[in-house]
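The structure under discussion appears below in the form of structure tokens.
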Amino acid sequence: MVRKEFSIAKLPGFSLIAVIVFVALYLPIMMLVIYSFNSGKSVAIWEGFSLQWYVKAWANEQVKEVTLRSVGLALSAATFSTIAATLAALGTTRRPAFKGQMAIFALINQPLMVPEIVTAVALLIFFGALKQFTGYQGMGYLVAAHTAFCIPFAYLPIQARLNGMDNTLETAAADLYGRSFQIFRRITLPLLMPGILAGFMLAFVTSLDDVVITLFVKSAGQDTLPTYMLAQIRRSITTEVNAISTVLLAATVLLLILFFILTKKKN
Amino acid sequence: MKRLSYLALALITSASMAHASGELQLYNWGDYTNPELLAKFEAQTGIKVTITDYDSNDTALAKVQAGGHGFDLVVPSANYVPIWVSEGLIQPLDLSKLSNHGNIAPEWMNVTWDDGRKYSVPWQWGSTGVAVNVTAYSGDVNTSSIFLDPPAELIGKVNVTPEMNDVISLATMYVGGEPCTEDKEVLKKVRDLLVAAKPKWLSMDYGMTEKMAANDVMASVYWNGAIFRARLQNPNVKYGYPKEGYPLWMDSVALLSDAQNVEEAYKFMDFIMVPENAALVSAFARYANGISGSDPFMPADMKDAPEILIPDELKAAGHFLPTCSAEAQAFNTAIWTELQK
Amino acid sequence: MSASENLTRKTSIKNAWLLSSPALVILTLAAAGPLLIVLVYSFLLPGQYGNVKWGFSLDAWVGIFFTKDIFDGTYQMADAHLSIFWRSIKLSILTTLISLLIGFPTAWFIATRSPTMRTFLLFLITIPFWTNLLIRTFAINQIIRNEGLLNTLLLKVGLIQNPIEMIYTDFAVLIGMAYVYLPLMVLPLFASIDRFNMSFLEAGYDLYATRWQVLRRIIIPVTKPGIIAGSILVFIPSLGAYVTPRLLGGGKNMMIGNFIELLFGQGRNWPLGAALSISLLAVVMAALLIYVKFANKGNSHGT
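The listed protein sequences derive, respectively, from chains A, B and C.
Whatever position you read off the first sequence (first residue = 1), add 181 for this note's numbering.
Whatever position you read off the second sequence (first residue = 1), add 19 for this note's numbering.
Whatever position you read off the third sequence (first residue = 1), add 272 for this note's numbering.
Pasting the structure below:
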């Protein structure tokens, strides 16, 4: 579609508002990043460049522990949810519609529709009872909960990618290979891979980010990075949190760049 | 070949893990445990302590009641200990495993809420009062009217910490009643007073040590040791003992009935009853402790700090809160929920 | 359909369910299923120190609307609970309006740039969205607190004598939520504007319409699907918000999410918390249904 000259599309004040919005969107985050390198404790008065908060955060055993736990949890949740989402996408796309398909969509997208606090409270009750009943209080509950709410995030890019793939290659392969599993492994899967990777990364970031559900499901000694930060922020305004936030931010940006590259790739 | 090396690796890892002995899950108030204490404990016993925070007695009780918590030790306040006992949430202590039990100061040994200390060992004790930043208000600090009827300079600047028992007791004593009263007239006055005062408050939050030190909050109901630490960072913070009546409390460490790491828990409880270690506990949070012989090891600034030494004329106004009857508790909870609008 | 086609179709449906089953099982066990338990709990009695006592009771549901005055036993409108619900709805609507007012020009701006610029700007809008919620709320906190950036600047410039108390107010929560949910408004708006045919604008101007009239009569009606989608995407999460009001509201300005947490903790009233959760869910579902209805209406008219 050819864009008309900008003068027609120009609406007074809109560009100004848009620019202000972009600045306002990034200003708080930039301040956080900049002042994480501040040698003083204040977040408004610059006292000189220093890496002390990063050193302090890194030396903090608890920070290391919760970070490892968060990353481990996110990796597990992302893996399981991506597998489940891939299977579900294969089952629900490129097929004629059938009865009950709506129900499947609703269930898969349930975490997007239900407020987190409601799910959190539900899991508090359910898992709490399970913990008492079975005596098992390990990370399994957190992995299950995270996997569940990551599924829709993994599902969306995979389904989008699958929808964009036509059947011709696979039909041709059917003549050559015959067995559908082989077709899947050698044709469908490689073609689908960018979507799967994108889904994995979305799921990873979503799990890493989660506060509310983790807060209600965790047992003793199962703090994740966000719940640790929440406790810190509520109690004290340490600049260590700035440093940790900046590192998290950098990691998220890197992952997002990867995500954008992967989804831009058109075969 | 690959498999053998994996096996070897697994064996080596498990062997090294055999040396990393126990762990302990401590459920304690936020900002209340000295990291040095835990480091010393780990160096001495090899036991790694993980703390999880809570901000109020009621939160802790609710969390443990909900089940599946995974903690071993909890640190309730005095007036709550009988509740924990009656609900079966904490277990009686095997005193033979606590060689330092005799170190408990005599005045803290036979308390009404745990005679002979069979369920809990002392952690720290203190008072709940009001703190004011003197640059915002220079009048009398020793009164609950700071938050119940704020002076003009403090309207919209006072924080009231959401510790139900403390706040309701302060308000009850302000209107002339007894804490844990079941007198409906008094309770009604308390409810009306609190509800009328709430619009004049800034917030109902914790973390006042940092927030008053950072000048985010100009006045607050809070605990003496935490205010002491705020003053160390911000000399303008002044602590007051409400003359209408203020709560005294003691927090003690108790062993949860479904604790997993019982032996480690006993070691920890024994550890904190050694005078030097009790002093370490106090040194961090700046509260007094209940162990004899810890004075020589306490930080010098605690000896004459206004937050620790109660002025003579205000000593009588300090009351240890009793454990409320179920009916009184129900009233208090109802008032409190109505307050959280 | 022939017999073999029928069979293929049946196999296809069977496979569809089979493939979807892992996802469905996980979601039923760890997301949707437990919601039923919440419903059950809303009909029970609260335990004295938390948890529940088994016994059927409508107290929780009645309690949403009416409280028994603890002293004279009379029933009154539970303005405590309702006012929290009302505050949540009010703040969510305001957040949605603010995001719409500043999000629309932003989306328009992005949609009217060159393709490379457009992708770059979209990328810029997405990053804050994927940044940890705590970080973003914390960042806003650092700006608006008494010794934060805004107050320090204003004091330095001399515009104010004393710091403006912004933190721990409804205003702080509003700013926080608008900041956090803005990208969710911009993206659907952009998608809608992107499809907008600029020649309509040309037609409008040819008929001597002012820019304002063009906006009102052409652009907004055509981009309505995007407006509605964005509004729903902002309204729903902000209604159930928890972290932002907790950090910026100072415990005094609770939204429904915070109040529900309180009832499961200090407040010791699980059934009421469960009833409120189901109510929140009902409101959200209603909003979604409205969206679906509007979205379908829009589709049937084309464009």
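All residues carry an ideal CB built from backbone N, CA and C; glycine is no exception.
Beta-carbon separation (whole angstroms), residue i vs residue j, contact threshold 8 Å
i        : j        : result
A:Ala335 : A:Leu383 : 6 Å
B:Ser163 : B:Glu263 : 5 Å
C:Tyr313 : C:Arg540 : With 8 Å as the limit, C:Tyr313 and C:Arg540 do not qualify as a contact, their Cβ atoms being about 14 Å apart.
A:Pro375 : A:Leu443 : 5 Å
C:Gly430 : C:Ser464 : Not a contact, Cβ separation roughly 44 Å.
C:Phe507 : C:Ala559 : 6 Å
C:Ile528 : C:Leu548 : 7 Å
A:Phe330 : A:Ile394 : 7 Å
B:Val83  : B:Leu108 : 5 Å
A:Phe397 : A:Leu305 : 4 Å
A:Val299 : C:Leu307 : 7 Å
Own chain residues within Cβ distance below 8 Å of residue i, not counting five before or after
i        : result
C:Leu421 : Gln414, Ile415
B:Leu56  : Ile291, Asn296, Leu299, Val300, Phe303
B:Lys67  : Ala39, Gly41, Glu42, Leu43, Glu61
A:Leu436 : Met382, Phe385, Val386
A:Leu208 : none
C:Glu419 : Pro435
A:Leu373 : Thr267, Ile339, Arg342, Leu343, Met346
Residue i and residue j closer than 8 Å at C-beta
i        : j        : result
B:Val236 : B:Asn280 : no
B:Asp185 : C:Gln538 : no
A:Ile368 : A:Leu343 : no
C:Phe381 : A:Ser196 : yes
A:Val214 : A:Leu430 : yes
B:Trp268 : B:Thr147 : yes
C:Ala546 : C:Ala332 : yes
A:Ala266 : A:Ile332 : yes
C:Pro517 : C:Val452 : no
A:Leu389 : A:Ser262 : no
C:Leu552 : A:Pro292 : no
A:Ser217 : A:Thr433 : no
B:Val100 : B:Phe166 : no
C:Ser503 : C:Thr409 : no
C:Phe472 : C:Val494 : yes
B:Tyr260 : B:Asn119 : no
A:Ile339 : A:Ile377 : yes
A:Thr453 : C:Ile298 : Here chain A covers residues 182 to 448 and nothing more, so residue 453 of chain A does not appear.
Buried or exposed (CB count within 10 angstroms, at least 16 for buried), residue i
i        : result
C:Met389 : exposed
B:Lys230 : buried
A:Gly309 : buried
A:Ala278 : exposed
B:Tyr189 : Strictly speaking, residue 189 of chain B in this sequence is Leu, with Tyr absent from that position. By the 10 Å Cβ count, B:Leu189 comes out buried.
B:Thr154 : exposed
B:Tyr138 : buried
B:Lys286 : buried
B:Gln143 : buried
C:Ala275 : exposed
B:Thr131 : exposed
C:Leu479 : exposed
C:Ile407 : buried
C:Ala288 : buried
A:Gly345 : exposed
A:Met283 : exposed
B:Ser35  : The predicted position of B:Ser35 is uncertain, since its pLDDT is 37 and thus under 50; a value taken from the coordinates is nonetheless stated next. It counts as exposed.
C:Lys428 : exposed
C:Trp326 : exposed
Close Cβ partners of residue i (< 7 Å) along its chain, the five nearest in sequence each way excluded
i        : result
A:Val392 : Pro407, Thr408, Leu411
A:Pro193 : none
Contacting residues, own chain, Cβ-Cβ under 6 Å from residue i (five flanking each side not counted)
i        : result
B:Arg305 : Gly244, Phe247, Arg248
B:Ile70  : Leu45, Asn47, Thr52
B:Val94  : Asn47, Trp142, Asp270, Val272
C:Met526 : Ile356
C:Ile397 : Pro455, Val458
B:Gly145 : Trp242, Asn243, Gly244, Tyr306
Entirely within the region 147-195 of chain B and at least 4 residues each: give me those alpha helix (DSSP H) ranges in chain order.
164-167, 183-193
Quick one: which unbroken alpha helix (DSSP H) runs of 4-plus residues sit fully inside the region 469-539 of chain C? Chain order, please.
Listed in chain order, they are 471-478, 483-486, 496-511, 515-520, 528-536.
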